[in-house]
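Undergrad: Taken in sequence, the protein lines are chains A and B. Just so we're aligned: 83 in my numbering is position 83 of the first sequence, and the numbers increase by one with no gaps anywhere. Just so we're aligned: 257 in my numbering is position 140 of the second sequence, and the numbers increase by one with no gaps anywhere.
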Amino acid sequence: MIIDDDDDLREALVDVMSAQGYDVAPFADARVALAALEEGPTPFLILLDLMMPGMSGWEFRAAQLANPKLLSIPVVVVTAGSMLTDGVHTLSDVEILRKPFDVSTLVTITARYAAAS
Amino acid sequence: MSWGGSKSTDRILMHLAEIGAGRCTITDDVVVAETDPDMSQVLVGLLVLHEDLSYASRQRTEAETAMRIVAEERERLLEDRRRAVEARDQFLAVAAHELRTPLTTLSLLADRLMAMQGSIRVADSSAAEIQRQHLARLKRQVERLSALVVEMLDVSRITRGQLDLVPAPVDLRDVVHEVLDRFDLEIMRHDVTVKVDAPSPVRGTWDAAHIDQVVTNLVSNALKYGAGQPIEVSVRAETSHAVIVVRDHGIGIPDDEQTKIFGPFTRAVAAKHHEGLGLGLWVAHQIVQASGGRIKVDSRPQKGSTFTVELPL
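#1: Hey, out of A:R10, A:L34, A:D5, whose CA is closest to B:T222's CA?
#2: Quick one: list the residues of chain B neighbouring A:P41, beta-carbon separation under 7 Å, in chain order.
#3: Using the rule of at least 16 other Cβ atoms within 10 Å of the residue's Cβ for burial, across every protein chain shown, is B:G343 buried or exposed?
#4: For a minimum of 3 consecutive residues, which ranges assigned as the beta strand (DSSP E) are wholly contained in the segment 18-59 of chain A?
#5: Excluding sequence positions up to five away, which residues of its chain have a Cβ less than 8 Å from the Cβ of A:V107?
#6: Just checking, does the segment 293-312 of chain B make contact with the segment 326-345 of chain B on the three C-beta pairs under 8 Å criterion?
#7: Looking at chain B, which residues of the segment 13-39 of chain A have a Cβ within less than 9 Å of any of its Cβ atoms?
#8: Can you check the segment 265-297 of chain B for any beta strand (DSSP E) of at least 3 residues that lies completely inside it and give the ranges in chain order?
#9: Strictly under 8 Å for the Cβ-Cβ distance: is B:D308 near chain A by that measure?
#10: Is B:Q406 buried or exposed, if buried means 16 or more other CB atoms sit within 10 Å of its CB?
#11: B:A285 and B:G325 - do their beta-carbons sit closer together than 8 Å?
#12: When you compare only the Cα positions, how much space is there between B:T142 and B:E190?
#13: When we look at the beta-carbon of B:T333 and count the other beta-carbons within 10 Å, is it buried (16 or more) or exposed?
#14: B:E349 bridges to which residues according to DSSP?
#15: Taking the Cβ atom as the reference point for each residue, do B:G369 and B:S317 lie within a distance shorter than 8 Å?
#16: Quick check on A:V76: does DSSP put it in helix, strand or coil?
#17: Can you find a CB in chain A that lies within less than 8 Å of the CB of B:S236?
#18: Going along chain B in order, which residues have a C-beta closer than 7 Å to the C-beta of A:F60?
#19: Give the C-beta separation of A:T110 and A:L45 to the nearest angstrom, bearing in mind that I take them to be a contact with Cβ-Cβ under 8 Å.
#20: Could you pull out every residue in the same chain whose Cβ sits closer than 8 Å to the Cβ of B:Q330, ignoring the five residues on either side in sequence?
#21: Helix, strand or coil for B:F424, going by three-state DSSP, please let me know.
#22: Using a Cβ-Cβ cut-off of less than 9 Å, list which residues of the segment 194-225 of chain B approach chain C; keep chain order.
#23: Check for me: the alpha helix (DSSP H) holding B:I237 runs from which residue to which?
#24: Is it the case that the segment 191-207 of chain B contacts the segment 248-256 of chain B, given that we only count it when at least three CB pairs across the two stretches are under 8 Å?
#25: Using CA coordinates, which residue listed in A:L47, A:D29, A:L97 is at the minimum distance from A:P53?
#26: Using 8 Å as the limit for Cβ to Cβ distance, is A:M83 near chain B?
#27: Can you have a look at B:R177 and say buried or exposed, based on whether 16 or more other CB atoms are within 10 angstroms of its CB?
#28: Examine the Cβ distances between the segment 297-304 of chain B and the segment 253-272 of chain B and report whether three or more of them are shorter than 8 Å.
#29: Can you say whether A:S72 is buried or exposed, counting buried as having 16 or more other CB atoms within 10 angstroms of its CB?
#30: Kindly indicate which three-state DSSP category A:S104 falls into: helix, strand or coil?
#31: Going by beta carbon distance, what residues of the same chain come within less than 6 Å of B:L195, once the five residues before and after it are set aside?
#32: Inspect the beta-carbon positions of A:L48 and A:V24 and report whether they are closer than 8 Å.
#33: Using a beta-carbon distance below 8 Å, is A:G56 in contact with chain B?
#34: With 7 Å as the C-beta to C-beta threshold (strictly closer), list the residues of the segment 311-326 of chain B near chain A in chain order.
#35: Shorter than 8 Å from the beta carbon of B:D291 to some beta carbon of chain A?
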């Protein structure tokens, strides 16, 4: 599952993932994504943007952790923050993928979660 | 000179007291009306004294006013400067932050186009070759831009004093391995051997993300200036501190440049040959210093450079 409000980036992520043979469920709105998670199949990984209008990535993560059915789904946070402080450390148990990144980084990380699932 | 007794003395003293208070009641009329010539001379003298003192006092007031104006102007200029620096740093931070998302999209799409190229049947092979070269250039430029943007954001955060360290228990070996894993592709691209010497755990309480950045900057430099020669990275614990060493056998740094390299916007070699803003070592230095440690360099031209980071245990 990919949750990112930036249309071009989301489509690029979908293209990369699809080319790797993954089934991708893209969402521009975290609230809609959350509803889809509650209803539909469980993804092996959620790629989550942080700064989004409506429900932010932080809020999404909090809602996910509050739901026993969803809390074990691994999340990789995609952020424009740097190595230096950006508030990301307030998120627990998520891997951070810092922008900008390339296909090989994304593929490596995704493959690791796919293998673990 | 004959003094007209104590009455004259009283008059002189009265005038002196007035002059002392910045006033004077001696007028031309008073002097002309004075019948005692000695007293008349004294009065003229007192008048001159009063005028001199008044002049000096005016001069002093003027000088004080001028100094106050200068001080106010200086204060205003300092305030303007502080605001300008703040605005610049704010702009840097926003720009660096905002550039990251489009850069990621560009990077991913360039990668995808390059990957797809091989599988598309193209009638014109020379056009296909040109396309391939252009894509490779596009990708290289995106990488270059990405590196610059990363550097920009780090610098803006340091200059804005946002280097908030979040120390937590960590094994420095993990940090070093993680950094080197990230450099995998680049190490292969440079066709360089990286030897890691980290025999035992080096546990302490540091901000892992920041130390990661220090090691990243040092390894990045070693690759950049290492002239394709092997690179050695070691991590060890000594009695009071942990030591990370990154050594290359590349172009080295001349003696007179070694003291400057930890300053901002400095680079020991001509910028046109190497990418980046020349801030990597400055960033590393700032982080190490904020962590209570120190960083030093030992280098000889054409022999290579050894960067040593010491962090308190």
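Where is the CB? At the ideal position from N, CA and C, for every residue including glycine. Nothing here was measured: the structure is a model prediction, and the numbers come from that model.
TA: In terms of the structure at hand:
#1: A:R10
#2: Going along chain B, no residue has its Cβ under 7 Å from A:P41, so there is no contact; the nearest lies around 25 Å.
#3: buried
#4: 46-49
#5: V16, Q20
#6: yes
#7: L13, D15, V16, A19
#8: 285-288
#9: no
#10: exposed
#11: Looking at the sequence shown, residue 325 of chain B is not Gly but Ala. Closer than 8 Å, so yes.
#12: 40 Å
#13: buried
#14: B:K312, B:R364
#15: no
#16: strand
#17: no
#18: Within chain B, no residue comes near A:F60; the closest Cβ sits about 18 Å away, beyond 7 Å.
#19: 6 Å
#20: D271, V400, A401, I404
#21: strand
#22: In the structure shown, chain C cannot be found, because the protein chains are A and B.
#23: Counting along the chain, B:I237 falls outside any alpha helix (DSSP H), and DSSP gives it neither H nor E.
#24: no
#25: A:D29
#26: The pLDDT assigned to A:M83 is 43, lower than 50, so where the model puts this residue is not dependable, and the model offers no usable value.
#27: exposed
#28: no
#29: exposed
#30: helix
#31: none
#32: no
#33: Going by the sequence as given, residue 56 of chain A is Ser instead of Gly. Closer than 8 Å: no.
#34: A326
#35: no
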